[in-house]
Amino acid sequence: MSESAPLTIDQPGQAASATPPAPGRSRRLSDRWLAGAFISPALLLLLAMSVFPLLWALYLSFTDYSATRGGPAHFVWFENYTAILTSAQVHLRALTTLIYVVGAVALQTLLGFTIAYLISRRTHGRGVLTTLFLVPMMLSPVVVGLFWRFMLDAQFGVINSMLGSLGLGQVEWLTQQGTALLSLIVVDTWQWTPFIMLIALAGLTAVPKYLYEAASIDRASEWFRFRTITLPLVWPLLLIAVLFRAIEAFRLFDLVYILTSGGPGVSTETLSFHVYKVAFLGFNTGTASAYGILMVLIVLVLTQLYLRYLNKLKED
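Taking this note's numbering, I'd label the letters of the sequence shown as residues 7 to 322.
Below, the structure is given as structure tokens:
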């Protein structure tokens, strides 16, 4: 009689691991195909919604295409770009946009950092104060524009009613050339100062406490602690917030459309609103596309220079 083969009882995990993979299948390849199947719809949507319109606008910028004129578009090459760069009207709109961006972002940065610094020094009620200050940022720009348009109304506005009760004269905030752009800056500051405040508050709360403790042991003054500890550590994060706000302010449209419609005259007509008028009121689609491409190039170039400054500041 031959000896019977010994019986071995394997664990379920060992049996599963000992099972060879099916011939012709690769686990790595199947995972890649599965990942591609999940990513491809979002990737195709991204290409359809962003990349293709950008390439189409680049093509139209070299033509005389108009949305209301029949027939094919004709290539004019760089005539649209030359007309834009040499136009005195465009220079005026660019100056208006520059004044608005510098004024709004500077005021928002100063107020946002000050509010964040004051909130960070509180031990009680910090969460409630932060939530209250974030309310304007959560509102739609159209809602903010309508809200402030009623408040700044020359006849029935709350602001002029308060000035009248104090014995001061009424001000035409949105219809006077000297105050219309200032009103836009104030409204944008009211809405987006919480954004700067939130970023600054995150940086202030991340400063190590032991640095302040060491400074207090050395009997350093409050100004010395702010100048040598707080500001250097928060400054890079604050500059990133300034970058985002500057890009958003550069392409401002909704507040201008709701509050002033570019008036009085063209005193509040920013570049984005001017592109809207060229494209949808004048129907010069080719010229408007050239405007858009130039604005994208300006943002890209300035952003790269700004990021190089941030990297240099980080290295130093």
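We treat Cβ as the ideally placed atom computed from N, Cα and C, and that holds for glycine.
| message | Given this structure, state the Cα-to-Cα distance separating leucine 135 from leucine 239, to the nearest angstrom. | response | 23 Å
field: Identified DSSP bridge partners for phenylalanine 259
entry: The partner list for phenylalanine 259 (beta bridge, DSSP) is empty, contrary to what the question assumes.
For aspartate 194, report the span of its alpha helix (DSSP H) as first-last. 183-211
Practice item. Closer than 8 Å by C-beta to threonine 211: which residues in its own chain qualify, once you throw out the five before and the five after it? Chain order, please. Key: Ser126
In this structure, how does DSSP classify phenylalanine 81 when only helix, strand and coil are distinguished?
strand
Original post:
Where alanine 122 and methionine 203 are concerned, what is the direct C-alpha to C-alpha distance, given to the nearest angstrom?
Top reply: 5 Å
Report task. Give the DSSP-derived three-state secondary structure of threonine 266 in the structure shown. Result -> coil
**Request:** Below 6 Å CB to CB, which residues in the same chain sit around glutamine 337 once its five sequence neighbours on both sides are set aside?
**Result:** Given that the chain is displayed from residue 7 to residue 322, the structure contains no residue 337 and the question cannot be resolved.
Quiz item: Ordered along the chain, which non-local residues of its own chain (more than five positions away) have a Cβ less than 7 Å from that of serine 295?
Solution: Ala63, Leu66, Ser67
inquiry  = Which same chain residues end up closer than 6 Å to glycine 209 when comparing Cβ atoms and leaving out the 5 residues on each side of it in sequence?
reply    = Val240, Leu243
Query raised in the report: Under 8 Å between the Cβ atoms of aspartate 194 and leucine 261?
Result: yes
For threonine 120, which beta-bridge partners are listed by DSSP?
-> In DSSP, threonine 120 forms no bridge with anything.
For this session: Could you pull the start and end residues of the alpha helix (DSSP H) that valine 57 belongs to?
Result: Neither: valine 57 is in no alpha helix (DSSP H) and is coded neither H nor E.
Note to self: Quick check: the Cα distance between serine 46 and serine 36, rounded to an integer number of angstroms?
What the structure shows: 15 Å
**Item:** Three-state class that DSSP yields for threonine 74 in the structure shown
**Value:** coil
Helix, strand or coil for threonine 92, going by three-state DSSP, please let me know. coil
- Inter-residue CB distance, alanine 247 and isoleucine 205 (contact presumed, cutoff 8 Å): 4 Å
Using the DSSP secondary-structure output, state which residues sit across from threonine 69 in a beta bridge. Phe81
DSSP state of arginine 314, grouped into three classes?
-> helix
Exercise for review: Please determine if the region 313-320 and the region 222-232 are in contact, where contact requires at least 3 C-beta pairs separated by less than 8 Å.
Suggested key: no
| Is DSSP giving asparagine 86 helix, strand or coil here? | helix
- Indicate whether arginine 155 and leucine 300 have their beta-carbon atoms separated by less than 8 Å. no
| Beta carbon of alanine 112, beta carbon of alanine 255: below 8 Å? | no
So does the region 172-181 actually touch the region 96-111, counting three or more Cβ pairs closer than 8 Å? no
Next item on the list: Determine the closest residue to valine 272 out of Thr92, Leu187, His130, with distance taken between C-alpha atoms.
Entry: Leu187
Exercise. What residues in its chain sit with their C-beta under 6 Å from that of valine 302, if we drop five residues either side in the sequence?
Worked result: none
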